[in-house]
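Read in order, the letters of the sequence shown are residues 829 to 1155 in the working numbering.
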Amino acid sequence: MLSDERTKTVSPWAILEDEMRGATIVAVCVSAQKGTAKVPVPEVEVLTDWGFKDDAHAGHWHRQVSLLSKDRIDAFNACGAGVAYGAFGENIVLDGVDLVTFPLGTVFVSGGVVLCLTQIGKQCHSGCDIQKRMGQCIMPTNGVFTKVFHGGVLQPGDAVSVYPEPRVSIICLSDKGYQGEREDVSSTVIKKMVADAGFSIVTMDLFPDGRELLEKRLMELCDGCVSDLILTTGGTGLTERDLTPEATMAVAEKTVPGIAEAMRFSGLSHTPRAMLSRAVAVTRAHTLIVNLPGSPKAVEENLGCILPAMEHAVMMLRGGGAECART
């Protein structure tokens, strides 16, 4: 948990357990050479944009970590295969979910490790030992492959949360709200709208106006791959304390000007004051950050304008499907 000195209402890795699809790691497996069965190990270090440390299949490509569902292995072994974990070449065996039912772009989170689903199934160009012995192998049809968005350490027994839908963080900037002098209605409006659109809210923050706390939090959420989409509310006007756009631009890697332009254009149909908004939209790492105004009514109008495009934007940042395949 972050201290009260930094935030009123946030946990940096907040997971709404009752709404998330949960799984458990049964085994983590590594092999030093390609074409050989992997071997279960007590724990493994996962490297960002690489894969399992010392694993032969790691590298800068879209199949860095492979996964299989325990139920699929159990069903195969019920036919007399007697296959141990890792024998199919899988890095992770998961219990509690059927991996092939999730869409490309699904995110798996365990502690600080974040994996993104890039491929379902694969072609088997030369029959493996299991296929030669049993006449079939489940990896080509039941295995899934992921890229590592954020590294860490994994071991059997670790819980995994699964996010097929975009993960959203909401940050309200308001001196009066932070001091308890005003209710944060805008965040409530955002939460309802994104939840109704099928997104998952993973964190909510309430900060005073200004740059320092916001910049630090934005970097934390983006660099840790905690969120796919960050929506800020407040601090986009012309007063001395309205510094949300400055903080957002300070952490940006790319700008997405069309989002802010669309919000201002849409807002002008309601009030000429919409032209005074200094909101910006940017990306950092795999995360999109969008500034919304502080007024609940303006939030509803602006977010309603851009929300239909947000899922596609998130999927592009998760990998866009350019290298993804399904057998």
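Beta carbons are placed, not taken as given, at the ideal position from N, Cα and C, and that holds for glycine.
Going by DSSP, Lys975 is part of the beta strand (DSSP E) stretching over 972–978. Taking each of Ile853, Phe916, Arg891 in turn and checking the Cα distance to Ala865, the smallest one comes out for Phe916. Residue Ala1090 holds the alpha-carbon nearest to the alpha-carbon of Pro1136 among Thr1115, Val1108, Ala1090. Distances from the alpha-carbon of Leu1034 to those of Leu1042, Val1054, Val872, Cys1000 put Cys1000 closest. By the Cβ-count criterion, Asp1037 is buried, with 16 or more other Cβ atoms from all chains shown falling within 10 Å of its own Cβ. Between the alpha carbons of Met1143 and Gly933 lies a distance of about 6 Å.
Considered as a whole, the region 1074–1153 harbours 1085–1095, 1124–1145 as its complete alpha helix (DSSP H) runs of no fewer than 4 residues, in chain order.
Tyr991 has Val935 as its beta-bridge partners, per DSSP.
In the assembly as shown, Pro870 is an exposed residue. Its beta-carbon has fewer than 16 other beta-carbons within 10 Å. Here DSSP, grouped into helix, strand and coil, assigns Cys1050 to helix. In its chain, beyond the 5 residues on either side, Val996, Lys1019 have a beta carbon closer than 6 Å to the beta carbon of Ile1029. Closest by C-alpha distance to Leu943, out of Leu895, Ile901, Val925, is Leu895. Bounds of the beta strand (DSSP E) holding Val869 are 867–869. Shown here for Val937: same chain residues with a beta carbon closer than 6 Å to its own, the five before and five after excluded, namely Ser989 in chain order. Our two residues, Asn919 and Ala855, have alpha carbons roughly 8 Å apart in a direct line. Within the same chain, and ignoring the five residues on either side of Asp923 in sequence, the residues whose Cβ sits closer than 6 Å to its Cβ are Thr852, Val854, Lys898.
By the Cβ rule, the region 873–886 counts as touching the region 976–984, because three or more pairs are nearer than 8 Å.
Its chain contains no residue whose beta carbon lies nearer than 7 Å to that of Gly1086 once the 5 sequence neighbours on both sides are disregarded. For Ser1015, the closest C-alpha among the options Ile1058, Gln983, Phe973 is that of Ile1058. The C-alpha of Leu1049 lies about 11 Å from the C-alpha of Leu1116. Under DSSP, Ser1028 shares a beta bridge with Arg995. For Gly910, there is no enclosing alpha helix (DSSP H), as DSSP gives it neither H nor E. Relative to Asn1119, the option among Val972, Glu1074, Gly908 whose CA is nearest is Glu1074. Residue pairing by DSSP puts Ile920 in a beta bridge opposite Val856, Leu895.
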